[in-house]
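Chemist: Numbering (the numbering used here), first residue to last: 14 to 148. We treat Cβ as the ideally placed atom computed from N, Cα and C, and that holds for glycine.
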């Protein structure tokens, strides 16, 4: 059985969390990220919202355009995918070992979690706030 790492995404910076999760998945751990809604993108709120709004609008037909998910857990998993060589065997296997959840499921409430972030000050937006504005 694979070893499992449970990461609490509350107050974690999205890029740093994604790179850590990708690296652990490549090593061979099963990575579970809970509280994906509370993951933080650092920067000016208006600029972040405008950047993602443009990405969501771009789309085009179903055969073209970037596939941007309109769900915090899916966007986080997509970010992790960008840090893996997901088209090759090793990266695809690592990507299959990653799970993201918006809240904490019952089976992970009692397990020991790695707290990936600390309380932020300054300019930032959580994924939950981002999708409330965009949707």
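My output table needs one value for residue 26: the three-state DSSP class, helix, strand or coil.
Modeler: For this step, residue 26 is matched to residue 13 along the chain shown. Strand, per DSSP.
Chemist: How is residue 116 classed by DSSP in three states: helix, strand or coil?
Modeler: The count along the chain shown starts at 1 and reaches residue 116 at position 103. Three-state DSSP puts residue 116 in coil, outside helix and strand.
Chemist: Using the Cα positions of residue 91 and residue 146, report the straight-line distance between them to the nearest angstrom.
Modeler: Here residue 91 corresponds to residue number 78 of the chain shown, with the count starting at 1. Here residue 146 corresponds to residue number 133 of the chain shown, with the count starting at 1. If you take the alpha carbons of residue 91 and residue 146, they lie about 20 Å apart.
Chemist: Figure out for me which residue from 54, 86 and 105 has the closest Cα to the Cα of residue 136.
Modeler: Within the chain shown, numbered from 1, the residue matching residue 136 stands at position 123. If we check each option's Cα against that of residue 136, 54 comes out closest.
Chemist: Is residue 148 buried or exposed, if buried means 16 or more other CB atoms sit within 10 Å of its CB?
Modeler: For the purposes of this step, residue 148 is taken as residue 135 along the chain shown, with counting starting at 1. Label assigned to residue 148: exposed.
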